[in-house]
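*Asks:* Quick note on the numbering used here: the sequence shown kicks off at 780 and runs consecutively.
Where a beta carbon is used, it is the ideal one built from N, C-alpha and C, also for glycine.
All figures in this text were calculated on a predicted structure; none of them were measured in a lab.
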Amino acid sequence: VRREEGHAGEDAYFVLRGGQHALGVADGVYLWRDQGIDAGEFAREIMGAAKSAAAALDDPLEVLRVARQAVRDRTGVRGSCTACVVSLDCRAGVLRSANVGDSGYAVFRLNTQRSSPTRAAFHTPQQEHSFGCPYQLGHHDGASEPEEAQVATVSVDEGDVVVAGSDGLWDNLFNSEIAEHLRPLFDLDPATAARPAHAEAAAAECARALVAAAMHASNDRRRETPYSRGASEEFDMIYSGGKRDDIT
780 VRREEGHAGE
790 DAYFVLRGGQ
800 HALGVADGVY
810 LWRDQGIDAG
820 EFAREIMGAA
830 KSAAAALDDP
840 LEVLRVARQA
850 VRDRTGVRGS
860 CTACVVSLDC
870 RAGVLRSANV
880 GDSGYAVFRL
890 NTQRSSPTRA
900 AFHTPQQEHS
910 FGCPYQLGHH
920 DGASEPEEAQ
930 VATVSVDEGD
940 VVVAGSDGLW
950 DNLFNSEIAE
960 HLRPLFDLDP
970 ATAARPAHAE
980 AAAAECARAL
990 VAAAMHASND
1000 RRRETPYSRG
1010 ASEEFDMIYS
1020 GGKRDDIT
């Protein structure tokens, strides 16, 4: 995406380029609406504070700590959100991440060993207390602490594609489906991929395609999705269809 920060519904995100390379995504917990609280405000505030912190810090866990404290110090900000922050060390070829809840990211890599053209070399597991109840940062007693985040260090190769998203993406599309929508990026010839404008345009088109596919799946009551598979296993019943949600 070309935009460096934004929000839609109760989701929010940031992208930091330049001296530090980092990104983050958060999903506000919708149940706060029942108490008259803007369910997206906490997510927007966390991502805004995380972007500021990431400009000076390269440890995603420390970014989450600083962001959560900054938001807590602001009187009147209530609610909670899942949150994922990822930083990239280009020289070392290393991604570092801290993830609280069921937002997350995956690293897709060209697969020359199998019939599938790409594969998910890494994907953050969902972090839940129980099905549909993710860990979350918040103002309330019982909220998760940044120290409970799942932290990871992942080696990345030239040509890898990193996809970060809220659960609106991961609940509705399997990694194999996401990989199919990334084909235009993996099909870029080296000369084109080396041109930032061309690579960014291809990435933006893939992002739009992923959002459209996830939206379509969320409204399909008959298809199998990661959410329907999880619900079937959790409740020992046959469940089909996607999950309607904000998608980032």
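(1) Can you list, in chain order, the residues of its chain with a C-beta nearer than 6 Å to that of L836? Leave out the 5 residues immediately preceding and following it.
(2) Helix or strand or just coil, what does DSSP make of L836?
(3) How many angstroms separate the CA atom of T897 from the CA atom of F887?
(4) What is the rounded straight-line gap between the Cα of G797 and the Cα of L867?
(5) Give the range of the alpha helix (DSSP H) segment to which H995 is assigned.
(6) Rounding to the nearest angstrom, what Cα-Cα distance links H995 and Y809 in this structure?
(7) Which stretch, first to last residue, makes up the beta strand (DSSP E) that contains D968?
(8) Between the Cα of D939 and the Cα atoms of L964, E956, N954 and Q915, which residue gives the shortest distance?
(9) Residue ranges of each alpha helix (DSSP H) run of no fewer than 4 residues wholly in the segment 887-972, ordered along the chain?
(10) Quick check: the Cα distance between D1025 and Y792, rounded to an integer number of angstroms?
(11) Buried or exposed: P839, going by 16 or more other Cβ atoms within 10 Å of its Cβ?
*Replies:* In short, the structure shows the following:
(1) These residues qualify, in order along the chain: V842.
(2) Coil.
(3) Rounded to whole angstroms, T897 to F887 spans 6 Å at the Cα level.
(4) Going by the C-alpha atoms only, they are around 11 Å apart.
(5) P975 to S997 is the extent of the alpha helix (DSSP H) around H995.
(6) Straight-line spacing of the CA atoms in H995 and Y809 works out to 21 Å.
(7) Looking at the DSSP string, D968 is not in any beta strand (DSSP E), and its letter there is neither H nor E.
(8) Ranking L964, E956, N954 and Q915 by Cα distance to D939 puts L964 first.
(9) Listed in chain order, the alpha helix (DSSP H) elements of length 4 or more contained wholly in the segment 887-972 are 946-949, 954-960, 962-965 and 969-972.
(10) When rounded, the distance between both Cα atoms is 12 Å.
(11) Buried.
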